[in-house]
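To convert, take the position in the sequence shown, counting from 1, and add 545; that gives this note's numbering.
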Amino acid sequence: MNTEVAVLEQLKPENIRAQYELSRLLAGMSADVAKLYLRWAAKLATHPGASVKTGAGLAADVLDISKDVLLRIAGEEVESRKLNGDRRFASEAWETKAPYRVLRRAYDAYSRAALKLAEETPGLDDEDRRKIRFFTGQFLDAIAPANFAISNPEVVEEAVQSRGRNFMHGMRNLWHDMDLAHGRLNISMSDLGAFEVGKNLATTPGEVVYRNELMELIQYTPTTKQVSRRPLMIIPPWFNKYYVLDMQPANSVVKYLVDQGQTVFLISWRNPDENMPDKAFDDYMLEGPLEAMDIIEEITGESEVNAMGYCLGGILLACVLAWLEAKGRRPIRSATYLTTLIDYTDVGDVKVFVDEKQLDRLERLGKAKGYLPGDNVAWGFRLLRAPDLIWSFVINHYMLGRDRVPFDLLFWNEDATNMPLSCHMFFMRNMYIDNQLRVPNAIELAGEPIDVTRIETPAYILSTRDDHIAPWKTTYEATQLFAGRSRFVLGNSGHIAGVINPPTRVKYGYRVANGNPPDAEDWFKRAKEKPGSWWPDWVQWLRRYSGGKVTARKPGSKAYPSLEPAPGSYVRQMIRPDKRSLL
């Protein structure tokens, strides 16, 4: 689509209204943040001791920095004080060159003081304190000396070595990103031309055996002569594309499962558009896993399946199990939950974006477009890890002028999907705001009150230690809520990298323990760390519920022949750059 057509597209009444609602959303958030800081200032005014204490600590740090400078001028040996783990200051110049060392230490001292003041101001409620801590952190991330060309030693050195060509290349990269989104800010994280779904991503052989308005059901081609009798149904989140579980052969969860002798069926969700505003959470349950199980039974002849849900897919899986329990049915033999929240008491910094006022604004935006734009939601998640997902790319692409590096997980991360309005509002209000999923019979789906505490299905629950979306101590609460036995496994790394951790890489380990005490910290103390991937541990657990072996099955049946080869059509539905609604 050329620029002229894209501009005309943006001038359509529905898109003008959507831009207006997006502006109202951002303006409303800005006003809320301003009021938040006014409340903080009022608390500081009535409790001056907090400011005095923090100021004294900052003054001591400044004196320490001054002492460091004087000792180095005098030729004295001074202990190195690198900021361990902070990749923004990985260059040796931040320690060996005086101006950068002073700047780094001053920034570190100011940051610690600001965050400490937010933490220790008396009289703030928990919600305000969390938001102040988060937005103060965002400000501190933005003003980090590494983010400015003149105060970043790597950028300065590159400018000298290249005679400024890095800035020319950086401007080219910036222009490319803005041109891709027709004047809006859209910071690319990966080389978008390096990957293509179905070509070098999502390449595990299989067939689409069923399609409805919400999903395609893929059955994968076996690679072993015999397979487990009970099929495995995978429910990905509908916020992202399913192929995070089928990236490339070396890191594909799907391929690994097929090679281990599992008959894998996977739901590929449709990317919602303006024709789906009323698709509800109930619809995702009824037209997703429940309908898929009927198709799986017809194709395989098996009335029971094992099921796995990832993130939002895991939440849907728990709802399906509770709904089936209310119906007196147990067709799911085992359930695997990957980074799944069942309790929402503490959801981390995601809570900053979730309150009734913000949801009302988001709902108006959704009504203007007929769906919630995926890019807007994705930007919220990028803010949760701004140094890694925003500022590192500003530095590398715009200041250092480096080309984007092909990275499959980052390509997938940018391949966002829209959110169905009705479904998403139900989910956010009932789960994140009211925490109703853990309350017996508080939520009704398709005419049945559901109660997750009645779920007796054996569960394998994986969380990851550095997960910023589903904090592991909160996901652990599922072990206390479910009635059945559960195995809790804690992987290293985060929400994506800790899950997509194939055995061949031996990159991150995991922890396991016998039993699930009430407190997550007690579990952690007794847990033993294991090297390598958690995948073999899961497959070994899964085999207990697989029902023995049968001859490998070809995809499809007479009633449900192949519609097209995997990965199908729905996963290829992308948010076109000219449709994006970014900053």
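For every residue, glycine included, the Cβ atom is placed at its ideal position computed from N, Cα and C.
Note that the coordinates shown come from a computational prediction; the quantities given were computed from them, not determined experimentally.
Just mark residue i as buried or exposed, buried being the case when its beta carbon has 16 or more other beta carbons within 10 Å.
{"i": "Gln805", "result": "buried"}
{"i": "Val803", "result": "buried"}
{"i": "Leu553", "result": "In this prediction, Leu553 has a pLDDT of 49, which is less than 50 and means its spatial position is unreliable; nothing more can be read from the coordinates."}
{"i": "Trp1017", "result": "buried"}
{"i": "Lys1099", "result": "exposed"}
{"i": "Met713", "result": "exposed"}
{"i": "Ala590", "result": "exposed"}
{"i": "Phe634", "result": "buried"}
{"i": "Arg878", "result": "buried"}
{"i": "Asn1059", "result": "exposed"}
{"i": "Asp948", "result": "exposed"}
{"i": "Glu703", "result": "buried"}
{"i": "Lys837", "result": "In the sequence under discussion, the amino acid at residue 837 is Ala, which differs from the Lys named in the question. Classification of Ala837: buried, given that the 10 Å Cβ count is 16 or more."}
{"i": "Gly738", "result": "exposed"}
{"i": "Leu759", "result": "buried"}
{"i": "Arg874", "result": "exposed"}
{"i": "Lys612", "result": "exposed"}
{"i": "Arg983", "result": "buried"}
{"i": "Trp720", "result": "exposed"}
Starting from residue i and walking both ways along the beta strand (DSSP E), at which residues does that stretch end?
{"i": "Trp814", "result": "809-814"}
{"i": "Thr1009", "result": "1004-1009"}
{"i": "Gln1118", "result": "That residue, Gln1118, is in no beta strand (DSSP E); it is neither H nor E in DSSP."}
{"i": "Pro1016", "result": "Premise fails: Pro1016 is in no beta strand (DSSP E) and is neither H nor E."}
{"i": "Gln1025", "result": "Counting along the chain, Gln1025 falls outside any beta strand (DSSP E), though it belongs to the alpha helix (DSSP H) covering 1023-1026."}
{"i": "Leu990", "result": "988-990"}
Using a beta-carbon distance below 7 Å, is residue i in contact with chain C?
{"i": "Ala991", "result": "Considering every chain present, this structure includes no chain C. It has just one protein chain."}
Can you give me the C-alpha to C-alpha distance between residue i and residue j, rounded to a whole angstrom?
{"i": "Thr768", "j": "Glu819", "result": "40 Å"}
{"i": "Gly925", "j": "Ser1038", "result": "20 Å"}
{"i": "Thr1024", "j": "Asp671", "result": "26 Å"}
{"i": "Ser1114", "j": "Ser773", "result": "28 Å"}
{"i": "Pro750", "j": "Arg815", "result": "20 Å"}
{"i": "Arg930", "j": "Val895", "result": "11 Å"}
{"i": "Pro822", "j": "Ser1102", "result": "33 Å"}
{"i": "Arg756", "j": "Glu1109", "result": "10 Å"}
{"i": "Phe740", "j": "Ala747", "result": "10 Å"}
{"i": "Glu843", "j": "Arg906", "result": "44 Å"}
{"i": "Leu910", "j": "Phe971", "result": "16 Å"}
{"i": "Asp1012", "j": "Lys914", "result": "31 Å"}
{"i": "Ile887", "j": "Ile779", "result": "18 Å"}
{"i": "Leu685", "j": "Ile677", "result": "12 Å"}
{"i": "Val850", "j": "Asp933", "result": "39 Å"}
{"i": "Thr845", "j": "Tyr1055", "result": "34 Å"}
{"i": "Ala1015", "j": "Ile1041", "result": "11 Å"}
{"i": "Thr641", "j": "Val700", "result": "16 Å"}
{"i": "Gln793", "j": "Leu615", "result": "54 Å"}
{"i": "Val742", "j": "Val578", "result": "40 Å"}
{"i": "Thr1019", "j": "Asp891", "result": "6 Å"}
{"i": "Val754", "j": "Gly833", "result": "14 Å"}
{"i": "Thr1009", "j": "Asp722", "result": "32 Å"}
{"i": "Ala694", "j": "Tyr645", "result": "12 Å"}
{"i": "Ala638", "j": "Pro698", "result": "6 Å"}
{"i": "Glu908", "j": "Phe826", "result": "15 Å"}
{"i": "Ile995", "j": "Ile988", "result": "6 Å"}
{"i": "Asp1123", "j": "Pro782", "result": "With a pLDDT of only 41 at Asp1123, under the threshold of 50, the placement of this residue in the model should not be trusted; the figure read from the coordinates follows. Approximately 25 Å between the Cα atoms of the pair."}
May I ask which residues mark the beginning and end of the alpha helix (DSSP H) holding residue i?
{"i": "Arg1088", "result": "1080-1088"}
{"i": "Ile618", "result": "593-618"}
{"i": "Glu1074", "result": "Unbroken run through Glu1074 is the beta strand (DSSP E), 1073-1075; no alpha helix (DSSP H)."}
{"i": "Glu993", "result": "Counting along the chain, Glu993 falls outside any alpha helix (DSSP H), though it belongs to the beta strand (DSSP E) covering 993-995."}
{"i": "Phe826", "result": "826-830"}
{"i": "Phe972", "result": "966-972"}
{"i": "Trp957", "result": "953-959"}
{"i": "Ser656", "result": "643-665"}
{"i": "Val798", "result": "798-804"}
Give me the DSSP bridge partner(s) of residue i.
{"i": "Tyr755", "result": "Leu762"}
{"i": "Thr748", "result": "Paired residues: none, contrary to the question."}
{"i": "Ser773", "result": "Lys1094"}
{"i": "Ile840", "result": "BP columns for Ile840 are empty, so no partner."}
{"i": "Pro817", "result": "Beta-bridge pairing links Pro817 to no other residue."}
{"i": "Val742", "result": "Leu746"}
{"i": "Pro1110", "result": "Glu752"}
{"i": "Pro779", "result": "Here the sequence assigns Ile to residue 779, which means Pro is not the residue at that position. Ile779 is bridged to Leu811, Met853."}
Point to revise | Contained alpha helix (DSSP H) runs [length at least 4] in the stretch 673-714, N- to C-terminal order | key: 698-707
Exercise for review: Could I get the ranges of all uninterrupted beta strand (DSSP E) runs contained in the stretch 1028-1057, with 3 residues as the minimum, in chain order?
Suggested key: 1031-1036, 1055-1057
Exercise for review: Kindly provide the ranges of any alpha helix (DSSP H) runs that are 4 or more residues long and lie completely inside the stretch 846-927, ordered along the chain.
Suggested key: 857-871, 901-914
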